[in-house]
Amino acid sequence: EAEVAQSPRYKITEKSQAVAFWCDPISGHATLYWYRQILGQGPELLVQFQDESVVDDSQLPKDRFSAERLKGVDSTLKIQPAELGDSAMYLCASSLSETSGGAPSYNEQFFGPGTRLTVL
Amino acid sequence: DAKTTQPPSMDCAEGRAANLPCNHSTISGNEYVYWYRQIHSQGPQYIIHGLKNNETNEMASLIITEDRKSSTLILPHATLRDTAVYYCIVRVWGGSEKLVFGKGTKLTVNP
Numbered sequence: 001e002a003e004v005a006q007s008p009r010y011k012i013t014e015k016s017q018a019v020a021f022w023c024d025p026i027s028g029h030a031t032l033y034w035y036r037q038i039l040g041q042g043p044e045l046l047v048q049f050q051d052e053s054v055v056d057d058s059q060l061p062k063d064r065f066s067a068e069r070l071k072g073v074d075s076t077l078k079i080q081p082a083e084l085g086d087s088a089m090y091l092c093a094s095s096l097s098e099t100s101g102g103a104p105s106y107n108e109q110f111f112g113p114g115t116r117l118t119v120l
Numbered sequence: 121d122a123k124t125t126q127p128p129s130m131d132c133a134e135g136r137a138a139n140l141p142c143n144h145s146t147i148s149g150n151e152y153v154y155w156y157r158q159i160h161s162q163g164p165q166y167i168i169h170g171l172k173n174n175e176t177n178e179m180a181s182l183i184i185t186e187d188r189k190s191s192t193l194i195l196p197h198a199t200l201r202d203t204a205v206y207y208c209i210v211r212v213w214g215g216s217e218k219l220v221f222g223k224g225t226k227l228t229v230n231p
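Protein chains in written order, with our numbering: chain A, 1 to 120; chain B, 121 to 231.
This is the structure in structure tokens:
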């Protein structure tokens, strides 16, 4: 069964350092999401891509976070510099598309295993 | 903010039905109810969704009240592997509206 791949699974870094996370969505999935999940909370969307274009980055702290999906396939989320409050699980998800043949449709989001970030 | 209210935790005996409630009193006519679950140290997993009719799949059943202000996810025969956090989410069908997760319900299935 196809899965969303993420790496690394765990990352420990010191504050002010740069970190990067990688996500490879399920083949053929045009929509890609990055979520952040603080311990004890539900996931919160950081950024959403449709192919290589950003659809929603309203919750992305743009002063330190950046995300790209250059060829519309895999994606990288970067934090520079990392802060103590960035310690969290970073989840990537993908779905076929928000639209199908011009009509809105829902395709379930498939989540990867996440990257657990600890900032010391 | 999440548009749903769920109890923070529930317990269920293995083999019995688990009934997880969700209140969504401000749901709009074009919003669907979705359920995801998250097993410890894994990403969330889609379970089921519905608009106003009851829905059933191989994982669970979803019962939505006639006024659509609340719903119940039913796991008919809970197993230990069903121990997870269950999220109830309301979302417009289609478009680019994101999933907004609340804190969910931590379901513990006991042997």
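Positions of the beta carbon are idealized from the N, C-alpha and C atoms, including for glycine.
- Phe221(B): not part of any beta strand (DSSP E); DSSP gives it neither H nor E.
- Exposure of Asp63(A) is indicated by the presence of fewer than 16 other C-beta atoms within 10 angstroms of its C-beta.
- A Cβ-Cβ separation of about 5 Å places Asp86(A) in contact with Val119(A) under the 8 Å criterion.
- Listed along chain A are Gly42, each with a C-beta nearer than 8 Å to that of Gly222(B).
- The beta carbon of Pro25(A) does not come within 7 Å of any beta carbon belonging to chain B, so the residue lies off that interface.
- Annotation for Thr124(B): no beta strand (DSSP E) segment contains it, and DSSP assigns it neither H nor E.
- Excluding residues up to 5 positions away in sequence, Ala88 lie with their Cβ nearer than 7 Å to the Cβ of Ile38(A) in the same chain.
- Across the structure, Pro164(B) and Leu227(B) are spaced so that their CA atoms are roughly 14 Å apart.
- Ranking Val19(A), Lys71(A) and Ser66(A) by CA distance to the CA of Gly28(A) puts Lys71(A) first.
- Within the region 83-95 of chain A, contact with chain B at the beta-carbon level (separation under 9 Å) is assigned to Met89, Leu91, Cys92 and Ala93.
- Contact fails between the region 186-194 of chain B and the region 8-27 of chain A, because fewer than three Cβ pairs, one in each stretch, are under 8 Å apart.
- In this chain, the beta strand (DSSP E) harbouring Asn139(B) covers Ala138 to Asn143.
- Taking a Cβ-Cβ cut-off of 7 Å, the neighbours of Pro113(A) in chain B comprise Gln162 and Gly163, given in sequence order.
- DSSP, read as helix, strand or coil, puts Gly85(A) in helix.
- Taking every protein chain shown into account, the CB of Gln80(A) has fewer than 16 other CB atoms within 10 angstroms, so this residue is exposed.
- 7 Å or more divides the Cβ of Gln41(A) from the Cβ of Gly112(A).
- Taking the beta carbon of Glu52(A) as reference, no residue of chain B falls within 7 Å; the closest one sits roughly 15 Å away.
- Arg69(A) sits in coil when the DSSP states are folded into three classes, being neither helix nor strand.
- Collapsing the DSSP output to three states places Arg36(A) in a strand.
- Residues of chain A with a Cβ closer than 9 Å to the Cβ of Tyr206(B) do not exist; the shortest Cβ-Cβ separation is about 11 Å.
- For Asp56(A), the uninterrupted beta strand (DSSP E) run begins and ends at Ser53 to Asp56, by DSSP.
- Counted as a single uninterrupted DSSP element, the stretch harbouring Val4(A) is not any beta strand (DSSP E), since DSSP gives it neither H nor E.
- Under DSSP, Ile26(A) forms no beta bridge with any residue.
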